[in-house]
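Number of protein chains: 2
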Amino acid sequence: MKGMATIRDVAKLAGVSVATVSRVLNKNGYVNKETEQKVVKAMQQLQYEPNAVARGLAGKQTGTIALILPDISNPFFPELARGIEDAAQRLGFTVILCNSDDQGQKEKSYIEVLRKKYVDGIIFASNTLGQEEVVQMKQSSLPFVILDRAVANQVCTVIRCNNYEGAKMAVQHLLDIGCQKIAHIYGPQELITARERLRGYEETVKGFPWYSPSLMVPGSFRFDGGLQAVEELLRLHPDVDGIFAGNDLMALGVLKGLKRKGIAVPDQIAVCGFDGISLTEIAEPELTTVAQPIYEMGAMAAEVLIKKIKTGDTNPGLFELEVRLIQRDSTRKRVRG
Amino acid sequence: MKGMATIRDVAKLAGVSVATVSRVLNKNGYVNKETEQKVVKAMQQLQYEPNAVARGLAGKQTGTIALILPDISNPFFPELARGIEDAAQRLGFTVILCNSDDQGQKEKSYIEVLRKKYVDGIIFASNTLGQEEVVQMKQSSLPFVILDRAVANQVCTVIRCNNYEGAKMAVQHLLDIGCQKIAHIYGPQELITARERLRGYEETVKGFPWYSPSLMVPGSFRFDGGLQAVEELLRLHPDVDGIFAGNDLMALGVLKGLKRKGIAVPDQIAVCGFDGISLTEIAEPELTTVAQPIYEMGAMAAEVLIKKIKTGDTNPGLFELEVRLIQRDSTRKRVRG
DNA sequence: GTCTGATGTGTAACCGGTTACATATGGACG
DNA sequence: CGTCCATATGTAACCGGTTACACATCAGAC
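Going down the list, the protein sequences come from chains Z and A.
Okay, so the first sequence: first residue is 1 according to my numbering, each after it adds one.
Okay, so the second sequence: first residue is 1001 according to my numbering, each after it adds one.
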């Protein structure tokens, strides 16, 4: 703020025009080596730093991207945000954080604001992105990528992991350690991730004699959701010996619920989660989980978005990352009966 | 981007000058009621939305604040960030997220970038803010507030909670439930919070016959830190029956360490943390903690900062919030021996 | 010797707002 | 009736960059 030097000051001191200074700044156009030296020297003398706002206005690029997510205090998102921010920072971009609480209204009003601020692109990790918003986004020519959500009937650029395969891995693992009756607590079916995981479960177990649709009980993807669902589940099926929860937070709720009931994990019931958030290591017992490369997904989202911004590429694309099973105490192999 | 209407378009359609439109927009200066109606109508017809970047350049206010913190994936910060973002959003501001990893270099380069982008103010929740940076910040006339960190010899605006009193509450609680020998795992002494908590511990226990300086062992404020420190502690003092950890993350590490050693909590050793992060409810056993109003601290930080921005107030100030003890299973009263 | 294209630089418009200043009107007041 | 001030509006400069376009120089090609 204080008498910051402008490009005109630099031009005057270097004895050239602003256009030349701008050329030096952006390394485009022709500039004589000696002239460049003069300009650089003038910049240093004045401690010149180009004004990003003016740049944004003139050039329509602000070096800012936005991240819209439901709630940063949901433990899944901080690591994602970190991955995004790191990659953005590395590529010279800055990140605006927006919590939508999965309310379409909030999300919409954010998009509005972000557009006014000339953000260069948006990463959606939010659930609510509906048909119309997507269409509108595509029309507006504002680059965006979608994390972990697929939008029906619309081709967008999506980064996600293989939820279906991951779910199969989880269930297979429970089978491998000797579980005889495995239940699944699934997340909100609006979410493609929750649907895919449910599908992975069902495909894997439907051939077994013990299979029953009532082994699949709904949960909210939150800690409470797991806690409540496990109550429900045990009422219907007191004899389950393996639970695959749709995400880690619910799995932690399951652990808590089982603890309260005095049911031993993994001895009586083995539990497996999905996501690979760091809480799984803190939990007691430590939670087996199908880990997504959360940080990397974030980083990739930012990289893909920024590449789009820089190249103007508007094509859709799917970037699918691999999951991996991390076995921990909540599914340690029991001695077969 | 697509042919967005500008203020001049509105002016033309309404048959007035841009100045008048601007006045209507900002509700300042004199505008005739009827003229205003015409302008409003023109705005609606054109779906006019003022360009925030141009506004920022002309008016030097961008409606953006920045949050610099060490690492959003440290569980203390997401809730803080949420509080900040909510308040900012409510007051019409947008938040840029910056992870400094407590590296002075990163922090400095962020400040640089943020200044170029004309952010209206900065919230520091970072540890590294040193003397020089603070002095420089104050000179630069860029409003800022500091969360939970006090800077030596410098008067700034600080939001924090009463760490000293909180620590006393924690230790007193352990005494109340019958602990006979209480240890403290303290955090990095560069942090005022860690120092204050240590002081609270020491003041409370130093009169007791069992008091010994070696009951205070250092930790890193991270999960691992608690895990390692409790090892160390038990080597020196196998007979402790109460541990006050400098923060929740270390307390969770302590729980894990005790579990591995087969020591029962709270029966053999009671454990109390500090912060009140939500993980304390997920832990097993659930962790007693001295809870800071984390969300509220964030919200207050944003509110105070934005008030400064709007009023131009540059005075320092201290905003101290109250902590409260949340008793949970990790310190359930044992039957006295 | 002229034409051409690469190189180098400056002028001024433009991005889309804000605002200082000028100008005009009309009622109140002495 | 002249003065003063509140009201109302427009003109144009300004914020600090980018860039289209014009112009100049110079080397190599024909």
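Here a beta-carbon is modelled for each residue, glycine too, at the ideal position from N, C-alpha and C.
Sequence-distant residues of the same chain with beta carbon closer than 8 Å to residue i, five excluded per side
i        : result
K38(Z)   : A14, G15 and V16
K181(Z)  : W210, L215, H237, D239, V240, D241 and G242
H173(Z)  : C272, T288, L325, Q327 and T331
M1297(A) : L1080, G1083, L1147, D1148, I1159, R1160, C1161 and L1321
Q1045(A) : L1013
I976(A)  : The structure shown does not extend to residue 976(A), since chain A is modelled only from 1001 to 1337, so the question has no answer here.
E286(Z)  : T280, R328, D329 and S330
E36(Z)   : V24
Alpha-carbon to alpha-carbon, residue j and residue i
i        : j        : result
F76(Z)   : F223(Z)  : 12 Å
G1253(A) : A1058(A) : 52 Å
E112(Z)  : V119(Z)  : 11 Å
A1194(A) : L249(Z)  : 30 Å
T1094(A) : Q1061(A) : 12 Å
Q1047(A) : S126(Z)  : 26 Å
V1135(A) : E49(Z)   : 20 Å
L97(Z)   : V1230(A) : 37 Å
G1104(A) : G1225(A) : 22 Å
I123(Z)  : K308(Z)  : 12 Å
M1137(A) : S1100(A) : 17 Å
G121(Z)  : Q139(Z)  : 13 Å
D1071(A) : L1318(A) : 24 Å
P293(Z)  : E1232(A) : 34 Å
L1198(A) : V1171(A) : 11 Å
F1208(A) : A1183(A) : 12 Å
G56(Z)   : Y110(Z)  : 19 Å
Supposed close pair residue i, residue j - CB separation, criterion 8 Å
i        : j        : result
F274(Z)  : A245(Z)  : 7 Å
P1078(A) : S278(Z)  : No, P1078(A) and S278(Z) are not in contact; Cβ-Cβ is about 12 Å, not under 8 Å.
V1024(A) : A1011(A) : V1024(A) to A1011(A), Cβ: 10 Å. No contact.
E1165(A) : V1323(A) : 7 Å
L114(Z)  : A54(Z)   : Contact flag wrong, Cβ pair sits at about 20 Å.
I282(Z)  : A1283(A) : 7 Å
K1117(A) : A52(Z)   : 4 Å
Beta-carbon proximity list for residue i, same chain, < 6 Å, skipping 5 on both sides
i        : result
G87(Z)   : Sequence check: residue 87(Z) is Ala here, not Gly. Cβ within range, chain order: A299, A302 and E303.
K168(Z)  : G200 and T204
S1220(A) : none
C1156(A) : I1146 and P1316
I7(Z)    : V18 and V21
M977(A)  : The structure shown does not extend to residue 977(A), since chain A is modelled only from 1001 to 1337, so the question has no answer here.
N1163(A) : T1193, E1196 and R1197
D1102(A) : P1070, N1127 and T1128
S212(Z)  : none
Among the options, the one whose alpha carbon lies nearest that of residue i
i        : options                                   : result
K106(Z)  : Q1044(A), G1104(A), L1114(A) and Q1089(A) : Q1089(A)
Y1201(A) : V1135(A), V1290(A), T1128(A) and V1155(A) : V1290(A)
R260(Z)  : A251(Z), V323(Z) and L227(Z)              : L227(Z)
G63(Z)   : K333(Z), D313(Z), T280(Z) and I306(Z)     : I306(Z)
D1362(A) : G1317(A), V1323(A) and D1267(A)           : A query on residue 1362(A) cannot be resolved here, the shown segment of chain A reaching from 1001 to 1337 and no further.
K41(Z)   : D176(Z), T280(Z), D9(Z) and E132(Z)       : D9(Z)
Q189(Z)  : D101(Z), P218(Z) and P293(Z)              : P218(Z)
K1333(A) : D1176(A), A1251(A), T1314(A) and D1313(A) : D1176(A)
I1185(A) : A1251(A), R1235(A) and D1313(A)           : A1251(A)
Burial state of residue i (16 or more Cβ within 10 Å)
i        : result
S141(Z)  : exposed
Y30(Z)   : exposed
T1311(A) : exposed
K342(Z)  : Since the first and last residues shown for chain Z are 1 and 337, residue 342(Z) lies out of range.
E1085(A) : buried
K1256(A) : buried
T1128(A) : buried
G1092(A) : exposed
P143(Z)  : buried
E1133(A) : buried
N32(Z)   : exposed
Same chain, Cβ closer than 7 Å to residue i, five either side skipped, listed in chain order
i        : result
R336(Z)  : Reliability of the predicted coordinates at R336(Z) is poor, the pLDDT of 49 falling under 50, and no value is obtained from them.
A1005(A) : L1046, Q1047 and Y1048
V1265(A) : L1255, L1258, V1271, P1285 and S1330
N247(Z)  : G187, F221, G273, F274 and D275
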